[in-house]
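These notes are about the structure you will find just below.
In the numbering used here, the protein residues as written are 8 to 98.
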């Protein structure tokens, strides 16, 4: 029996519209499109393993974004700042 996620996702109509448009955008960064698809599939009741297989992602990655969205909603889908020296580009 598969393990169910304790982070059950339910979306408002506004959130669903925003995520659907983001998931269909060709100009959006790939990482944002994938994160939106993960949340939309989670809202349909799919399990992490099933979402991972469908989107070709590790279950752990699906779990991470599902959990972050559960606690922070849309703000959870944004990359957190990273530690370390900032990247400097010289031209």
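The beta-carbon is built from N, C-alpha and C at its ideal position, and this holds for glycine as well.
All of these numbers come straight from a predicted model, not from anything done at the bench.
_Here's the rule I'm using: 16 or more other beta-carbon atoms within 10 Å means buried, otherwise exposed. How should residue 63 be labelled?_
Here the question's residue 63 lines up with position 56 in the chain shown. With fewer than 16 Cβ atoms within 10 Å of its Cβ, residue 63 is classed as exposed.
_Taking only three categories from DSSP, how would you classify residue 59?_
Position 52 of the chain shown holds residue 59. The answer is helix: DSSP assigns residue 59 an H, G or I state.
*Evaluate residue 92 with the Cβ neighbour count: other Cβ atoms within 10 Å of its Cβ, from every protein chain shown; 16 or more gives buried, anything less gives exposed.*
Counted from its first residue, the chain shown places residue 92 at position 85. Looking at its Cβ environment, which holds fewer than 16 other Cβ atoms inside 10 Å, residue 92 is exposed.
_DSSP state of residue 15 mapped onto helix, strand, coil_ = In the chain shown, residue 15 corresponds to position 8, counting from 1. Correct three-state label for residue 15: coil.
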